[in-house]
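This report concerns only the one structure given below.
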DNA sequence: AGCAAAAGTTTCCAAAAGGAAACTTTATTT
DNA sequence: AAATAAAGTTTCCTTTTGGAAACTTTTGCT
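Residue numbers (the numbering used here), protein chains in the order written: chain A, 34 to 241; chain B, 34 to 241.
As structure tokens, then:
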């Protein structure tokens, strides 16, 4: 199953990125610039000195009389110590707030694979920054995997029960027991193997 | 203690944002555009039709002969169905990779407060997207808190042992037992109170 | 209020961007 | 390999940007 298919079936697996947010805003560049400048407490003259753009040019940009060149925009962002995405960020950011999703024990969305038995948590919420799930590690040896698991983002896991070995591309394998945790870059190849009597159970959180 | 002081003392509590990443890239806009266009399998002519910019103009932009105006850039992003930050993303993003940090049981960095007893995990890594920690909920009633706890980002928690009540600004209080989990927006006021014999223990992950 | 200084806008012009078409290079067909 | 078509570049010219200075508006002071 590809990542895309994954996401079609499990929309809750979609992780929100700043990129998406940006796209919505129908950008009023001038307005935004003025906001930034005034919030920094700068006059046009001061901003002019910091950016190397003429006072008049800044005025025109703020009043949407001209469309700055990319070059000019770079001077803006350098001079005012902002980054480009910030220039396009909606004036009032739509801070998501007030969402809450409870998942009772064993009541997550089951998602079994040959090597893991995942239980997705908080699937009622979409566009979240993290994707939490509880997993049972079925794999018992290296060969259960075709290749390293590798994907964008960072991952954190904590062993809930049992014992497992954490293999990774650039490190020696490590054994982890109940209560131990690892944080790692998920684009570094990694895989897990249960070594205890019972299949090891872990809590897993991904962010990208 | 303010959030800033927090971060000074606990650098591992710093969470990296995409914004930071963007700033680093010394942008080669033309190169980037060409990459995007070719990856879409478009000729200059086709791209010209999609964007409304002349074939020659596109060529000049790609060869860094001219610096497109913001207007032109909007035509680009609209026509090619990309978003602006994407245009500035470094051709090869400096994907942090290969980091790994293991925290053995009980060996996190202790960080006690009047209401919680935190054990920060993966503190060897800085600039991570998530901040994981294990906490013992010391608070036994509402009054232990001066006010709602409220901060940026999203939070996920799973009860490891004991039982607790999750209070939040916009919802009725809920009881959570071992194995239950919640995902919520952290700028919605929230607080936790142990209700079991033993203080409840949870695993907590924050991202912003 | 009246004046001076500061902040912001508009004008005017040089410099740069954007488009149409000529031209060159790279692929494809015969 | 020549001929043809397609893709990309450069030229030439019009439109727009960006800067210096003139001008207008706002703010602060006596």
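Backbone N, C-alpha and C fix where the C-beta goes; we use that ideal spot for every residue, glycine too. Just so you know, these numbers come straight off a predicted model, no measurement behind them.
Kindly indicate which three-state DSSP category residue i falls into: helix, strand or coil?
i, result
"residue 86 of chain B", "coil"
"residue 163 of chain A", "strand"
"residue 96 of chain A", "coil"
"residue 116 of chain B", "coil"
"residue 168 of chain A", "strand"
"residue 55 of chain B", "The predicted position of residue 55 of chain B is uncertain, since its pLDDT is 34 and thus under 50; a value taken from the coordinates is nonetheless stated next. Residue state, collapsed to three classes: helix."
"residue 110 of chain A", "helix"
"residue 71 of chain B", "helix"
Would you decide whether residue i is buried or exposed? Buried here means 16 or more other CB atoms lie within 10 Å of its CB.
i, result
"residue 218 of chain B", "buried"
"residue 189 of chain A", "buried"
"residue 173 of chain B", "exposed"
"residue 41 of chain B", "For residue 41 of chain B, the predicted structure reports a pLDDT of 35, less than 50, and the residue's modelled location is therefore unreliable. The matter cannot be settled from this model."
"residue 143 of chain A", "exposed"
"residue 154 of chain B", "buried"
"residue 87 of chain A", "exposed"
"residue 73 of chain B", "exposed"
"residue 101 of chain B", "buried"
"residue 95 of chain A", "buried"
"residue 195 of chain A", "buried"
"residue 146 of chain A", "exposed"
"residue 110 of chain B", "buried"
"residue 116 of chain A", "buried"
"residue 220 of chain B", "buried"
Could you tell me whether the Cβ of residue i comes closer than 8 Å to any Cβ of chain B?
i, result
"residue 98 of chain A", "no"
"residue 238 of chain A", "yes"
"residue 220 of chain A", "yes"
"residue 198 of chain A", "no"
"residue 201 of chain A", "yes"
"residue 153 of chain A", "no"
"residue 146 of chain A", "no"
"residue 61 of chain A", "no"
Does the distance from the CB of residue i to the CB of residue j come in under 8 Å?
i, j, result
"residue 232 of chain A", "residue 169 of chain A", "yes"
"residue 178 of chain A", "residue 159 of chain A", "no"
"residue 222 of chain A", "residue 202 of chain A", "yes"
"residue 192 of chain A", "residue 235 of chain A", "yes"
"residue 151 of chain A", "residue 166 of chain A", "yes"
"residue 137 of chain B", "residue 204 of chain A", "no"
"residue 197 of chain B", "residue 238 of chain B", "no"
"residue 141 of chain B", "residue 156 of chain B", "yes"
"residue 67 of chain A", "residue 112 of chain A", "no"
"residue 93 of chain B", "residue 99 of chain B", "yes"
"residue 103 of chain A", "residue 62 of chain B", "yes"
"residue 80 of chain B", "residue 240 of chain A", "no"
"residue 199 of chain A", "residue 209 of chain A", "yes"
Under 8 Å, Cβ to Cβ, is there at least one residue of chain A near residue i?
i, result
"residue 101 of chain B", "yes"
"residue 132 of chain B", "yes"
"residue 111 of chain B", "no"
"residue 234 of chain B", "no"
"residue 215 of chain B", "yes"
"residue 182 of chain B", "no"
"residue 187 of chain B", "yes"
"residue 204 of chain B", "yes"
"residue 212 of chain B", "yes"
Closer than 7 Å between beta carbons: that is the criterion. Which residues of the region 158-169 of chain B meet it against chain A? 158, 161, 162, 163, 165
Contact set between the region 65-86 of chain B and chain A, restricted to residues whose Cβ is under 8 Å from the partner: none
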